[in-house]
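Residue numbers (this note's numbering), protein chains in the order written: chain A, 1 to 215; chain B, 216 to 326.
Dropping the structure here:
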């Protein structure tokens, strides 16, 4: 065992603060070097000083109770403070990641009138089966779904024949915030000749079409 | 049993002996250990783990002051301890206590 390894092993077992540990390490190293300069071999010196644990015990027995208490308190704080901070951080991150809804009128990203207008336009394009126009203003993952087959399947879940669109009804909109992502989600009831359909349409921050659900 | 009493008795006088050794001049830790061994004719064989906490405590109490020497040539840096004015006064007080106790013990032991 080298002198530094020995001294570090002693320091690890000391029950005192870091400043005192550094001081003890420095003094032990100086002492060992002095003894080596006087012709003692390292093995003899270590043998005389005792095993690392024994030497540390010697220090610990003689370190004042007050200093040992301070060390124990600091040791607890070193564990408790990072743990508490980690819990707070995880809590904040969890809260940040949870989806939160905000009234669209209080949104700093979306304009209520614009969202409503875009919703109506989307419904009109769906009814007109203008998939090119729909895809042009949709997010990439939505584009492959905007086709005649998907539209028919969606329509059939409610009725085989919706008939002509008669009128747009009430609309309800919120902003959904999740992390850094902001979405506008609106529900609009539309009356057709044979069925009343509630659309739930979703748009991203750039008002790109991002989701649809009908009931 | 002898070890236990020997340890207790020695422990009670270590502060006084360390201060006494520092009375004449500043000394470093290993020097104190060596002088303690030589002057006591190997009765006091102090280990680093015993001496340094005593020195730290005496320093915290303002009875000794310390200073690291710079490394000169092959000589490694040393931490020198010197007795302070407060330390001198405390030493005088402890020596007085020691003399009274020693006298009292002597009287009992002579019977």
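From the three backbone atoms N, C-alpha and C, an ideal C-beta is built for every residue, glycine too.
Could you check whether the Cβ of residue i sits closer than 7 Å to any Cβ belonging to chain B?
| i | result |
| --- | --- |
| residue 55 (chain A) | yes |
| residue 33 (chain A) | yes |
| residue 95 (chain A) | no |
| residue 9 (chain A) | no |
| residue 72 (chain A) | no |
| residue 3 (chain A) | no |
| residue 64 (chain A) | yes |
| residue 58 (chain A) | yes |
Under 7 Å, Cβ to Cβ, is there at least one residue of chain A near residue i?
| i | result |
| --- | --- |
| residue 293 (chain B) | yes |
| residue 216 (chain B) | Per-residue confidence for residue 216 (chain B) stands at a pLDDT of 49, beneath the threshold of 50, marking its modelled position as unreliable; no derived number is given. |
| residue 285 (chain B) | no |
| residue 262 (chain B) | yes |
| residue 222 (chain B) | no |
| residue 265 (chain B) | yes |
| residue 272 (chain B) | yes |
Restricting to Cα atoms, I'd like to know which of the options is closest to residue i.
| i | options | result |
| --- | --- | --- |
| residue 124 (chain A) | A:47, A:164, A:55, A:210 | A:164 |
| residue 299 (chain B) | B:234, B:220, B:321 | B:234 |
| residue 97 (chain A) | A:4, A:139, A:181 | A:181 |
| residue 183 (chain A) | A:7, A:211, A:198, A:49 | A:211 |
| residue 242 (chain B) | B:307, B:308, B:294 | B:294 |
| residue 197 (chain A) | A:213, A:114, A:204 | A:213 |
| residue 78 (chain A) | A:18, A:156, A:50 | A:18 |
| residue 240 (chain A) | A:192, A:215, A:177, A:116 | The shown model of chain A, from 1 to 215, leaves out residue 240 (chain A), and the question about it has no answer. |
| residue 70 (chain A) | A:133, A:160, A:15, A:131 | A:15 |
| residue 167 (chain A) | A:156, A:5, A:60, A:127 | A:127 |
| residue 47 (chain A) | A:87, A:6, A:60, A:26 | A:6 |
| residue 238 (chain B) | B:253, B:219, B:326, B:280 | B:280 |
| residue 226 (chain B) | B:296, B:260, B:283 | B:260 |
| residue 131 (chain A) | A:72, A:147, A:121, A:122 | A:147 |
| residue 186 (chain A) | A:22, A:39, A:202 | A:202 |
| residue 66 (chain A) | B:326, B:272, B:277 | B:272 |
| residue 60 (chain A) | B:269, B:254, B:240 | B:269 |
To the nearest angstrom, how far is it from the Cα of residue i to the Cα of residue j?
| i | j | result |
| --- | --- | --- |
| residue 119 (chain A) | residue 208 (chain A) | 11 Å |
| residue 301 (chain B) | residue 230 (chain B) | 14 Å |
| residue 102 (chain A) | residue 10 (chain A) | 59 Å |
| residue 275 (chain B) | residue 58 (chain A) | 19 Å |
| residue 248 (chain B) | residue 258 (chain B) | 12 Å |
| residue 170 (chain A) | residue 191 (chain A) | 10 Å |
| residue 44 (chain A) | residue 56 (chain A) | 18 Å |
| residue 267 (chain B) | residue 93 (chain A) | 48 Å |
| residue 216 (chain B) | residue 223 (chain B) | Confidence is the limiting factor: at residue 216 (chain B) the pLDDT is only 49, short of 50, which leaves the residue's position unreliable, though a coordinate-based value still follows. Near 11 Å, if we compare the C-alpha coordinates of residue 223 (chain B) and residue 216 (chain B). |
| residue 74 (chain A) | residue 13 (chain A) | 15 Å |
Could you tell me whether the segment 81-91 of chain A touches the segment 24-43 of chain A, using the rule of 3 or more Cβ pairs below 8 Å?
no
For the segment 232-254 of chain B, which residues have a CB atom closer than 7 Å to at least one CB atom of chain A, in sequence order?
244, 245
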